[in-house]
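J.:
Number of protein chains: 2
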Amino acid sequence: MRDEFRADLQIVSQLLVDMAEAVRAAMRKATKALLTADRDAAEAVIARDAEVDGLYRQVDDRVYDLLARQAPVASDLRTVVTALQVAADLERMGDLADHVAKTALRRHPSPAVPAELRGVFTEMAEVADRIAEKIAKVLSRPDADLAAELDRDDDAMDALHRELFAVLLHDDWPYGAETAIDGALLGRFYERYADHAVNAGRQVVYRVTGDTI
Amino acid sequence: MRDEFRADLQIVSQLLVDMAEAVRAAMRKATKALLTADRDAAEAVIARDAEVDGLYRQVDDRVYDLLARQAPVASDLRTVVTALQVAADLERMGDLADHVAKTALRRHPSPAVPAELRGVFTEMAEVADRIAEKIAKVLSRPDADLAAELDRDDDAMDALHRELFAVLLHDDWPYGAETAIDGALLGRFYERYADHAVNAGRQVVYRVTGDTI
């Protein structure tokens, strides 16, 4: 029974790593679509969002099956239920990559992001990518130090978000309301992507240490 | 054991209803703060967000306790785990009411919403309120018909969201980028509030019928 539990849990854990890698790849490609007005990249992200949803359903099925057959308690119970909550965060990260891709597509062949904002979005995308990479690592092997780094990365994302708004709200903003709105919503997509990743990281650490960070 | 399970479940169910009523009251008050530049109302919403978070933690604790002590299976298991997912949606609805209140406060004593947008935000708030009311009812007594109504309410919210953007992106928009950005983000807060409510409603119906809608 115990070995079976470990084997089942290993499958769930691998599904979460697969989800994390998929939503990382999705945001990388969505950023490429955004910054280079690449229609194929945008369409590929949108087409593949269903894969992430499919992985989420697999996690859901496996977790219910595990709870029903094995009735885990204590830290094993926490581990199994946390998987469901982490999967929900990862699924939402996939949705946010999809939103970025759709914004790029809506403006194609024009770029959705004007020259003044390319720098800040490039940096936001780098932080998002770093965060997604760490989530995949933390899910493979829980690590409180690495999870704490996620909080610092999230602070960096918040600082970039403020920097973005300073540009959008500057008196000299030359592009009018539509481009400002796109910029504000895109900023929110990257920021929420990071928030969900940090939330997932906290859940994993809580599972391991019993402490919230 | 069976009676004890029912009694525990009843407590969890009541906590979810309390959460639904709290996030409904929060969004009503946040809307009042937004449309009447009411500083006290905005501050009250922000101060009380911690109550919703507290209820969420209580649901979390009770669910783990229930799973560990009673090891439910089949539909009982689904009911218990669903409570955790519904609580996560409700908690996020509270956050979104908090975001609306903070936007109102940031612009105080000016109104965050100009005259041209008051109508559409009044309607969005009405839909949000109707949705939150139905969620509280569905949680008290699961009802697939009522849950299906939530989907129609969500369609109404999406239509209002499109109407809002038509105003924001109209060539005659007289208010510049900052007010447009506030309008776009506020629109997203109401729309996401509705999305989370519909998601919670779907979970409850799935729990009862085993069918996704």
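Protein chains in written order, with numbering that gives the first Met the number 0: chain A, 0 to 212; chain B, 0 to 212.
Glycine residues also receive a C-beta, built at the ideal position from the N, C-alpha and C atoms.
Establish whether the CB of A/A183 and some CB of chain B are separated by less than 7 Å.
T.: Taking Cβ atoms only, chain B reaches closer than 7 Å to A/A183, which makes this a yes.
J.: Indicate whether A/V207 and A/P141 have their beta-carbon atoms separated by less than 7 Å.
T.: Contact flag set, yes.
J.: Check whether the Cβ of B/I10 lies closer than 7 Å to any Cβ atom in chain A.
T.: No, B/I10 does not count as interfacial toward chain A.
J.: Quick one, which residues of the stretch 143-170 of chain B are near chain A if we go by CB-CB under 7 Å, in chain order?
T.: If the cut-off is 7 Å between Cβ atoms, the stretch 143-170 of chain B has L167 and L168 near chain A.
J.: Report all residues from its chain with a CB closer than 8 Å to the CB of A/V16; omit the five preceding and five following residues, and keep chain order.
T.: A135, L138 and S139, listed in sequence order.
J.: Just the Cα atoms here: how many angstroms apart are A/L167 and B/T178?
T.: Distance between the alpha carbons of A/L167 and B/T178: 11 Å.
J.: At a CB-CB cut-off below 7 Å, which residues of chain A make contact with B/E177?
T.: The contacting residues are L168.
J.: So which residues on chain B does A/Y63 lean against when the C-beta distance must stay under 8 Å?
T.: Those are L76, R77 and V80, listed as they occur along chain B.
J.: Between the C-alpha atoms of B/A67 and A/E162, what's the straight-line distance to the nearest angstrom?
T.: Their backbone Cα atoms lie some 47 Å apart in a straight line.
J.: Are any of the Cβ atoms in chain B nearer than 7 Å to that of A/L54?
T.: For A/L54, the answer is no, since every Cβ of chain B falls outside 7 Å of its Cβ.
J.: Roughly how many whole angstroms lie between the Cα atoms of A/R23 and B/D181?
T.: Roughly 29 Å separates the two Cα atoms.
J.: Identify every run of the alpha helix (DSSP H) within the stretch 100-177 of chain B, keeping only runs that are complete inside it and at least 4 residues long; order them along the chain.
T.: For the stretch 100-177 of chain B, whole alpha helix (DSSP H) runs of length 4 or above, ordered along the chain, are 114-139 and 143-167.
J.: Output yes if chain C places a C-beta closer than 7 Å to the C-beta of A/V203; else output no.
T.: Annotation note: the requested chain C is absent from the structure, which comprises protein chains A and B.
J.: With distances taken Cα to Cα, identify the nearest neighbour of A/K34 among A/H107, A/R129 and A/G175.
T.: Lys is not the amino acid found at residue 34 of chain A; the sequence shown has Leu there. With distances taken between Cα atoms, A/L34 lies closest to A/H107.
J.: Among the candidates A/I10, A/V51, A/G53 and A/A36, whose CA atom is the shortest distance from the CA of A/D64?
T.: That would be A/I10, whose Cα lies nearest to the Cα of A/D64.
J.: Between the Cα of A/S12 and those of A/E125, A/A36 and A/V80, spot the shortest distance and give me the residue it belongs to.
T.: For the residues A/E125, A/A36 and A/V80, the minimum Cα distance to A/S12 belongs to A/V80.
J.: If we cut at 7 Å on Cβ distances, does A/I180 have a partner in chain B?
T.: With 7 Å as the cut-off, A/I180 counts as an interface residue toward chain B.
J.: Nearer than 6 Å: is that true of the beta carbon of B/H160 relative to any heavy atom of the ligand COA?
T.: Looking at this structure, you won't find the ligand COA or any other ligand, since it has none at all.
J.: Whose C-beta lies closer than 8 Å to the C-beta of A/I212 among residues of the same chain, with five residues either side of it excluded?
T.: With a pLDDT of 43 at A/I212, under the threshold of 50, the modelled position of that residue is not reliable, and the figure given next carries that caveat. Answer for A/I212: A143, A146, A147, D150, R201, V204 and Y205, listed in chain order.
J.: Determine the DSSP secondary structure at B/V72, reduced to helix, strand or coil.
T.: Three-state DSSP puts B/V72 in coil, outside helix and strand.
J.: Spatial neighbours of B/D88 within its chain, please: CB distance less than 6 Å, with the 5 preceding and 5 following residues excluded, ordered by chain position.
T.: Taken in chain order, the residues that qualify are H195, N198 and A199.
J.: Taking the beta carbon of A/D97 as the centre, do at least 16 other beta carbons fall within 10 Å, making it buried, or is it exposed?
T.: Under this definition A/D97 is a buried residue.
J.: Are B/A103 and B/A41 touching if we call contact CB-CB under 7 Å?
T.: In contact: B/A103 and B/A41 (Cβ atoms closer than 7 Å).
J.: So what's B/D181 in DSSP terms, helix, strand or just coil?
T.: B/D181 falls in the helix class under three-state DSSP.
J.: Comparing the C-beta of B/V72 with each C-beta of chain A, is any distance below 7 Å?
T.: Yes, B/V72 lies at the interface with chain A (some Cβ there is under 7 Å from its Cβ).
J.: Sorted by chain position, which residues of the same chain lie with C-beta nearer than 7 Å to B/Q84's C-beta, five sequence neighbours on each side aside?
T.: Excluding positions up to five away in sequence, the list reads Q202.
J.: Would you mind reading off the limits of the alpha helix (DSSP H) that contains B/A6?
T.: Residues R1 to T35.
J.: How would you label B/P173, buried or exposed, when you count the other beta carbons within 10 angstroms and need 16 or more for buried?
T.: Answer is exposed; the Cβ neighbour count stays below 16.
J.: Just tell me which of B/V72, B/D39, B/T78 and B/A70 has its CA closest to the CA of B/V58.
T.: Taking only the C-alpha atoms, the option nearest B/V58 is B/T78.
J.: Return the residue from the list B/D60, B/A70, B/V72 and B/R105 that minimises the CA-CA distance to B/A86.
T.: Comparing Cα positions, the closest option is B/D60.
J.: In terms of alpha-carbon separation, which member of A/M92, A/R187, A/A155 and A/F164 lies closest to A/Y55?
T.: If we check each option's Cα against that of A/Y55, A/M92 comes out closest.
J.: Which residue from B/D171, B/G118, B/G175 and B/K133 puts its Cα closest to that of B/G186?
T.: The shortest C-alpha separation from B/G186 is found at B/G118.
J.: My guess is that B/D128 and B/R27 are in contact by the Cβ rule of under 8 Å, so how many angstroms apart are they, rounded?
T.: With a Cβ gap of about 6 Å, B/D128 and B/R27 count as contacting.
J.: In chain order, what residues of the same chain lie with their CB nearer than 7 Å to the CB of B/P113, ignoring the 5 residues before and after it?
T.: Only Y174 and T178 meet the Cβ criterion.
J.: Is B/V62 buried or exposed, if buried means 16 or more other CB atoms sit within 10 Å of its CB?
T.: So B/V62 counts as buried.
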